[in-house]
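I have placed the structure first, in the form of structure tokens, so that the comments after it can refer back to it.
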Amino acid sequence: MEEIVQKAIQNAIASKKPDSSLTWQPDQPWKQSFYQWAANEWQPLQASEASASSKITKLAIYSWNIDFMLPYARARMNTALAHLEELTRQHRSDENTAVVVSIQECVPSDLFIIGEQQWIRDDFYRTDEDTSAWASGAYGTTTLVDRRLQVLSCFRVHFSATRMERDGLFVDVKASGQTIRLCNTHLESLALEPPLRPAQMRIIASHMHAPDISGAAVTGDFNAIQPFDLTLHTDNKLEDAYLQLGGQEGDGRGDDTGGYTWGQQAHPRQRNQFGCSRMDKVFFCGDALKLVEFERFGADVELDEEELRAKLEELGFEKPWITDHLGDSPGTVFALAQRMISVPYLIKLSIAIWNTTMGNESLGMASRPAIAAPLILLVSYVIYSLFIKPSKLPDLPILGARKGDWFPLLQAKIRNSWNVKPVLNTAWSQHREQAFLLPMLDSPTYVYLPRSDTKFASEQPITDLSMHESAQNDLQTDWTTMDPSLTHDPIHLELVASTLTKEVGNLIPDLADEVDYCVSKQLGNSADWTEVCVMETAQKIISGITNRAFVGLPLCRNQEMLKLGIAFAQDIPTSSIMLRVFPEFIKPLVAPLICRPNRIHTREFEKILEPEINARLHEYDLQDQPSKSERNDFLQWSIEQAKEIGNPKNWTVSALAQRILLLNFASIHTTTFAVTHALLDMAAYSPDLILELREEIVSVLQQHNNQWNKRAVAQLEKLDSAIRESQRKNSIVTVGVSRTVVAEKGVTFPSGIHVPKGLRVAVPGYTVLQDSEIYPDPKTYQPLRFYQARQDEAAEYVKSARNALPTATTDFLAWGLGRHACPGRFFASNEIKMLIAYILLNYDIEHLAERPRNTWISQNRIPPMKATLKFRRKSS
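Take 1 as the starting number for the sequence shown in the UniProt record's numbering and just add one per residue.
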């Protein structure tokens, strides 16, 4: 192996181009063409036209060093490109995501192979057709750019401080109305004195920070092998993508951090000598790029040709890997922020509104104040709220703020509202016992407490910390519901916590019947594969099953009623998000328009329920013992509760129907999320999982005469674990125990933080569920994680039960915690388990090669709404 390396180095030295032949000046931008496949050839371009149909809001960047030193370059590149074709397929088929592929250490033959790939010809521009832009004739960098992006220019900066002919390859693209600069580089490989990599990165960073650039990213092999490499990003005012999402630097002795990209697949002699390292990195800057995810790829990609595989293994490699590097991410995925109005411009705008309105002679005198006053009032209010209004916020570090921000709270609000995941990971990995301010545009600024305050926060009385106040603000229920008094006096939630939970066992036969009806209706009985949208289908099924418990037969099968319940469940979050943008004094003007769908759906829902409610009220009044009704559903319990309380308002048709509608909102979307996540996770896992779960279901049912009952559902411990693990990995909860301080003198927490009245507090939620100290290998879906924990503690019932699906603990906040944990979680757990058990027992599910990714919207993580699965009815 050493002989091969030396030969490659000698060839590289011999292939260096003479200085007299170079047409560029070192350290200066040198503009080059890029290429598009057209008319059966790669044609050079200087710039491209914008795609009229482009809807790009995300960039997925794949970066990989293919290693010029190893032999069999053609075979290795062919395998690498086949892997990249499959890896990028999902992003390339997403109309909102553009793909960029950065490859380092290409050899000349690689450029020919790249140009012959049909998927590259169809979907990409390429920066290099030959080696004319490389300073070395032996190797260089090349970039592939999604043709849905408008390419503004392409240039290289060839470094003067280099012994290996290194450079930075830059491509400027237009996306979401902003200019994004993308750099592909391989920094100097040698540990020289003086070091060369800092000078090279300074040059790259100077182009990334150019004033006309909205956001920039540099990817590649940074050859980070010396201590100064650890601060190359901070030295140049750049963000390190891996660290931004909570990654940690390792010491090279193992792969504990999940961040190493070199060493695992190196020759054993090199690995023993140098250890593992995070050579390949992504740095970025600019408000236009919001980091969404960052992972490695390329592990265990091996040569296809059997003869060459054997030859590589003869050289001493443990496996015939195509390169000793792993790539960065399945795309380092960035979301593209929309262009935002700066604060100085906002202030100028308010003055301009006054001048153009009051100074326009074409407007009558009477109309000018009517037009100008509301605009001036609104802009003035925004300016007052953001910059002048006294703040009660404690003096704490601001998550999402950056050094040099003029208005750190406002700028952090904007960054965090785009994607809060990176700052939460950073806070958890580096300062988990420190309190912060967490600003969001769509909610009050959180006082983000350390995890040690979690139990205390969950146990405080509602006179000190109110979840109700937080929910009222989040859902804007004074505007989004037709009768806000129902949410101020939520007696229906008392029934959920008491009667619904107590009656779960008695409801199970009805639920089993409805599961059979709803699933068969939605998935059909065909023995052929049927492809369905998972979330949409799950929502329809859950709506039917849930309303069997809420209103019983036959109403639960009224399709129009079910559609209205689903629509209302979507109305509330949509309208509340819009309303939270407006100040309180504007809401009476805009709420009637924004919430019009809410009112329409509520009225129609009431009309459908009205005959049933009137019939039941009449029946109740005629009975000698009305509380002994044979009906056993939530509507009947609500009538009985209302009569017992004695307030006639509670048993009006409107009140009873709207409480059922509020329950539809509270239950349908959360349960739908859980079922969608679980089905996708199971389908993307080994097919053996479904077989193992199916065996458990069959075994349990046989013990209970093939009839569902409470005990049978409880015995599905493996299925219980698989669903709980799916919730851990995908929980919508990003911050936990959200409460509003209502105590007059505020609340002082065990950590020493005092929070005044009126402020919102929260504790870490998402980051706890992703913590490797609590959940080993947290990024991996391990369906039997909690089953094994229950087996390990089987002798102690209480400890074992802590790992059951509906249990809420400080380590598992998916259900909330304490007295205000989700009151319907026991019903929901049984419903979800019965539904998934039925599907697994009666349908085959086509295996997914890759699990579709979740979406972050502000502080919410939601399942992929358009993801599909294929089902077919089992013959037996």
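Every residue, glycine too, gets a C-beta built ideally from N, C-alpha and C.
**Prompt:** So what's Leu346 in DSSP terms, helix, strand or just coil?
**Reply:** Walking along the sequence shown from the start, residue 346 turns up at place 346. Bear in mind that the predicted position of Leu346 carries a pLDDT of just 38, short of 50, making it unreliable; the figure below should be weighed with that in mind. In the structure shown, Leu346 sits in a helix (DSSP, three-state: H, G or I).
**Asked** Per the contact definition of three or more C-beta pairs closer than 8 Å, is the stretch 565 to 575 in contact with the stretch 447 to 454?
**Response** Taking a contact to require three or more Cβ pairs closer than 8 Å, the stretch 447 to 454 and the stretch 565 to 575 do not qualify as touching.
**Prompt:** Touch check for the stretch 760 to 773 and the stretch 839 to 857: three-plus C-beta pairs under 8 Å?
**Reply:** Not touching, per the Cβ criterion.
**Asked** What are the complete beta strand (DSSP E) segments, minimum 3 residues, inside the stretch 711 to 784?
**Response** The qualifying runs are 735 to 741, 760 to 764.
**Asked** How far does the alpha helix (DSSP H) with Arg181 in it reach, from first residue to last?
**Response** Here the question's residue 181 lines up with position 181 in the sequence shown. In the DSSP assignment, Arg181 falls outside any alpha helix (DSSP H) and lies within the beta strand (DSSP E) extending over 178 to 186.
**Message:** Taking 8 Å as the cut-off, does the stretch 217 to 234 touch the stretch 54 to 72 (at least 3 CB pairs, one atom from each stretch)?
**Reply:** These segments touch.
**Residues sharing a beta bridge with Leu564, DSSP** = Numbered from its first residue, the sequence shown carries residue 564 at position 564. For Leu564, DSSP records no beta bridge to any residue.
**Message:** Using a Cβ-Cβ cutoff of less than 8 Å, which residues in the same chain neighbour Thr79 once the five nearest sequence positions on both sides are dropped?
**Reply:** Taking the first residue of the sequence shown as 1, we reach residue 79 at position 79. Non-local beta-carbon contacts of Thr79 in its own chain, meaning distances under 8 Å to residues more than five positions away in sequence, involve Val301, Glu302, Leu303, Asp304, Ile322 in chain order.
**Prompt:** What distance in whole Å lies between the Cβ atoms of Ser277 and Ile213, which are believed to be in contact at a cut-off of 8 Å?
**Reply:** Stepping through the sequence shown from its first residue, residue 213 is reached at position 213. Stepping through the sequence shown from its first residue, residue 277 is reached at position 277. Ser277 and Ile213 do not touch by the CB rule: their CB atoms are close to 30 Å apart, not below 8 Å.
**Separation of Gln522 from residue 881, as counted between CA atoms** = Residue 881 lies beyond the residue range present for the chain, which begins at 1 and ends at 876; the question has no answer from this structure.
**Prompt:** Beta-carbon separation of Asp280 and Ser160 under 8 Å?
**Reply:** As a first step, residue 280 must be located in the sequence shown, where it is residue number 280. As a first step, residue 160 must be located in the sequence shown, where it is residue number 160. Not a contact, by the Cβ cut-off of 8 Å.
**Item:** Three CB pairs or more closer than 8 Å across the stretch 263 to 273 and the stretch 308 to 324
**Value:** The answer is yes - the stretch 308 to 324 touches the stretch 263 to 273, with three or more Cβ pairs under 8 Å.
**Request:** Could you tell me whether the Cβ atoms of Cys106 and Thr142 are closer together than 8 Å?
**Result:** Within the sequence shown, residue 106 is the residue found at index 106, counting from 1. Within the sequence shown, residue 142 is the residue found at index 142, counting from 1. The answer is yes: Cβ separation under 8 Å.
**Backbone CA spacing between Val423 and Val755 [nearest angstrom]** = Reading the sequence shown from its first residue, position 423 is the one you call residue 423. Reading the sequence shown from its first residue, position 755 is the one you call residue 755. Rounded to the nearest angstrom, the gap between the Cα atoms of Val423 and Val755 is 22 Å.
**Item:** For Ala135 and Arg851, the rounded distance between their alpha carbons
**Value:** Along the sequence shown, read from residue 1 onward, the residue named residue 851 stands at position 851. Along the sequence shown, read from residue 1 onward, the residue named residue 135 stands at position 135. The alpha-carbon atoms of Arg851 and Ala135 are separated by roughly 42 Å.
**Message:** Which of the three DSSP states is assigned to Thr652 in this structure?
**Reply:** Along the sequence shown, read from residue 1 onward, the residue named residue 652 stands at position 652. Reduced to three states, the DSSP call for Thr652 is coil.
**Asked** Is the Cβ-Cβ distance between Pro823 and Leu493 less than 8 Å?
**Response** Counted from its first residue, the sequence shown places residue 823 at position 823. Counted from its first residue, the sequence shown places residue 493 at position 493. Contact: yes.
**Asked** Could you check where the beta strand (DSSP E) with Leu544 kicks off and where it finishes?
**Response** Locating residue 544 in the sequence shown gives position 544, where the first residue counts as 1. According to the sequence provided, residue 544 is Gly. The question's Leu does not apply to it. Annotation: Gly544 is outside any beta strand (DSSP E); the continuous alpha helix (DSSP H) that includes it extends over 534 to 550.
**Item:** Contact check, His827 vs Asp844, beta carbons under 8 Å
**Value:** The sequence position of residue 827 within the sequence shown is 827, counting from 1. The sequence position of residue 844 within the sequence shown is 844, counting from 1. Looking at the sequence provided, one finds Phe at residue 827 rather than His. Not closer than 8 Å, so no.
**Message:** When you compare the stretch 635 to 649 with the stretch 668 to 682, are there three or more beta-carbon pairs, one atom per stretch, that lie closer than 8 Å?
**Reply:** Contact between the stretch 635 to 649 and the stretch 668 to 682 is absent, with fewer than three C-beta pairs closer than 8 Å.
**Prompt:** With distances taken between CB atoms, is the gap from Ser15 to Gly137 smaller than 8 Å?
**Reply:** One-based indexing of the sequence shown puts residue 15 at position 15. One-based indexing of the sequence shown puts residue 137 at position 137. In this structure, Gly137 lies closer than 8 Å to Ser15 by Cβ.
**Asked** Apart from the five residues on each side of it in sequence, which residues of its chain come closer than 8 Å, Cβ to Cβ, to Asn40?
**Response** Mapped onto the sequence shown, residue 40 falls at position 40. Excluding five sequence positions before and after Asn40, none of the CB atoms of its chain fall closer than 8 Å to its own CB.
**Request:** Tell me whether Glu433 is buried or exposed, calling it buried when 16 or more other Cβ atoms sit within 10 Å of its Cβ.
**Result:** Your numbering for residue 433 matches position 433 in the sequence shown. Label assigned to Glu433: exposed.
**Message:** Can you confirm whether the stretch 527 to 541 touches the stretch 585 to 594 when touching is taken to mean that 3 or more C-beta pairs between the two stretches lie within less than 8 Å?
**Reply:** Contact fails: fewer than three Cβ-Cβ distances are below 8 Å.
**Asked** Between which two residues does the beta strand (DSSP E) harbouring Cys518 extend?
**Response** On the sequence shown, position 518 is the one that residue 518 refers to. Note, Cys518: premise wrong, no beta strand (DSSP E); alpha helix (DSSP H) at 504 to 523.
**Item:** Reduced DSSP category for Cys106 - H, G, I as helix; E, B as strand; rest coil
**Value:** As a first step, residue 106 is located in the sequence shown; it is residue number 106 there, counting from the start. Cys106 falls in the strand class under three-state DSSP.
**Request:** Flag this pair as touching only if the stretch 161 to 171 and the stretch 180 to 197 have three or more C-beta atom pairs under 8 Å; answer yes or no.
**Result:** With the cut-off at 8 Å, the stretch 161 to 171 and the stretch 180 to 197 touch.
**Request:** Taking Gly140 as the reference, give the member of Arg148, Ser575, Val157, Glu165 with the closest Cα.
**Result:** Numbered from its first residue, the sequence shown carries residue 140 at position 140. Per the Cα distances, Glu165.
**Asked** From what residue to what residue does the alpha helix (DSSP H) around Ile204 run?
**Response** Your numbering for residue 204 matches position 204 in the sequence shown. 197 to 208 is the extent of the alpha helix (DSSP H) around Ile204.
**Pair within 8 Å by beta-carbon distance, Gly552 and Asp633** = Within the sequence shown, numbered from 1, the residue matching residue 552 stands at position 552. Within the sequence shown, numbered from 1, the residue matching residue 633 stands at position 633. With a cutoff of 8 Å on beta-carbon distance, Gly552 and Asp633 are scored as near each other.
**Message:** Using the Cβ count rule (16 or more neighbours within 10 Å means buried), how would you classify Arg711?
**Reply:** The residue you call residue 711 lines up with position 711 of the sequence shown. Classification of Arg711: exposed, given that the 10 Å Cβ count is below 16.
**Request:** Evaluate Val761 with the Cβ neighbour count: other Cβ atoms within 10 Å of its Cβ, from every protein chain shown; 16 or more gives buried, anything less gives exposed.
**Result:** Here residue 761 refers to the residue found at position 761 of the sequence shown. The residue in question, Val761, is buried, as its Cβ has 16 or more Cβ neighbours within 10 Å.
**Message:** Just to check my reading of the structure: Tyr766 and Val733 have Cβ atoms closer than 8 Å, yes? What is that Cβ distance to the nearest angstrom?
**Reply:** Residue 766 sits at position 766 when you count from the first residue of the sequence shown. Residue 733 sits at position 733 when you count from the first residue of the sequence shown. Between Val733 and Tyr766 the Cβ distance is about 6 Å, and since that is below 8 Å, they are a contact.
**Asked** Do the stretch 28 to 35 and the stretch 144 to 156 make contact, defined as three or more Cβ pairs closer than 8 Å?
**Response** Contact check between the stretch 28 to 35 and the stretch 144 to 156: three or more CB pairs, one atom from each, fall below 8 Å, which counts as touching.
**Request:** Alpha carbon to alpha carbon, how far is Gly298 from Arg271? Give it in angstroms, no decimals.
**Result:** What you label residue 271 is simply residue 271 of the sequence shown in a count that begins at 1. What you label residue 298 is simply residue 298 of the sequence shown in a count that begins at 1. As the crow flies, the alpha-carbon of Arg271 is around 18 Å from that of Gly298.
**Asked** Between Ser429 and Gln178, is the Cβ-Cβ spacing less than 8 Å?
**Response** Here residue 429 is taken as the residue at index 429 of the sequence shown, counted from 1. Here residue 178 is taken as the residue at index 178 of the sequence shown, counted from 1. The answer is no: Cβ separation not under 8 Å.
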